[in-house]
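Chains A and B, in that order, are what the protein sequence lines are.
When we follow the numbering used here, the leftmost residue of the first sequence carries the number 1, and every step to the right adds one.
When we follow the numbering used here, the leftmost residue of the second sequence carries the number 1, and every step to the right adds one.
Ideal Cβ positions, reconstructed from N, Cα and C, are used throughout, including at glycine.
A short worksheet on the structure shown next.
2 protein chains.
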Amino acid sequence: MNASEKTEKHQLFAVGNHGRTDAWSKLLLQHPKLGAVAGKQFLGQALGLTGMEVSLNSLATGHAVPFEHGHRKNEELYLFISGEGQMLLDGQVLEVQAGSAVRISPSVLRCWRNTGEEPLVCVVIQAQEHSLTQCTEADGFISSHAPAWPQA
Amino acid sequence: MNASEKTEKHQLFAVGNHGRTDAWSKLLLQHPKLGAVAGKQFLGQALGLTGMEVSLNSLATGHAVPFEHGHRKNEELYLFISGEGQMLLDGQVLEVQAGSAVRISPSVLRCWRNTGEEPLVCVVIQAQEHSLTQCTEADGFISSHAPAWPQA
């Protein structure tokens, strides 16, 4: 089952359901160069994301990503949800654990491994470096009427 | 304690530590218009993010965000990590739970509430709509040498 089979598309929003983080180890990505990659799924295509790409990741105990990669244009954020591990960033080792948030500039060669006793679960976000021109209260506006939740 | 106190900055990467998701209820945001907001923290300023803004969120049982908001330029993705709730999207109710990923176009008025028995934990990502020009294998490159992890 791929993401699009689980995604309901609407005109102005889209929803996918990918299960609890302890089930992300069962996700399976078909990568054009790397073949089948267990414990990984991209969300962008199925949801129609246009400003970011996001992946869900679960790396098994004792496993390491077998290569380093960098980017040309995109900043990445690795947000670790559970587990313990290390990142290798241009040769520098960084300890990570549940709640670690790691911003990485495009050129940095990066890799990560699970050094703990449970799956290392993380959300990885790509967005084009320097593309955000405003955000939060500068970009958002609050409706003048109260939320109209349906009556129970 | 604010995010910058917990953030270690490097030239090409930056790291923050925000704890396990079950502790995100203790996060405290000082919002310029809304005042103190419990269970929320933005990561962008402390990490130096330039292509996205990301917040960690934990909404207590029985609570609802008390207003709807929209955006001018930014697409949002709500990635629910645990709990059960609902989103209100331009008046349409959407059920969400652990693993739900909801992409929302800028103009949509949005709000959410916790209808479950545990905190509703989600990661919210903002990026400028249509700003991503390439990603993943089109933007990334793999190093020609194997990762040089230090010997244990």
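Residues of chain B with a Cβ closer than 8 Å to the Cβ of A/P147 are, in chain order, A64, V65, P66, F67, E68, L88 and C111. Inter-residue distance for B/Y78 and B/I125 is about 7 Å (C-alpha atoms, whole angstroms). When B/S105, B/E95, B/G70 and B/S144 are compared, the shortest CA-CA separation from A/H145 is found for B/G70.
The segment 5-78 of chain B is shown to contain whole alpha helix (DSSP H) runs of 4 or more residues at 44-47, in chain order. Per the C-alpha coordinates, the member of A/G83, A/I104 and A/F80 positioned closest to A/L89 is A/I104.
In the displayed model, B/A138 falls within a helix according to three-state DSSP. Linking B/E118 to B/I81 through their CA atoms gives a straight-line distance of about 12 Å.
For B/L132, the secondary structure class from DSSP, reduced to helix, strand or coil, is coil. A/W112 is bridged by DSSP to A/M87. The beta-carbon distance between A/G16 and A/A46, rounded to whole angstroms, is 6 Å. This is short enough to meet the 8 Å contact definition.
With a cutoff of 9 Å on beta-carbon distance, A/V121 and A/V54 are scored as not near each other.
Per DSSP, reduced to three states, the secondary structure at B/E117 is coil, with no helix or strand assignment.
Contact check for A/L28 against A/Q41 passes: the beta carbons are separated by less than 9 Å.
Taking 9 Å as the upper bound on Cβ-Cβ separation, chain B lies near residues L47, G48, L49, T50, G51, M52, E53, V54, S55 and L56 of the segment 47-61 of chain A. Of the candidates B/T136, B/S143, B/A148 and B/Q151, B/T136 places its Cα closest to the Cα of A/H31. Taking the Cα of B/A148 as reference, the smallest distance to any Cα among A/T133, A/W112 and A/Q134 is reached at A/W112.
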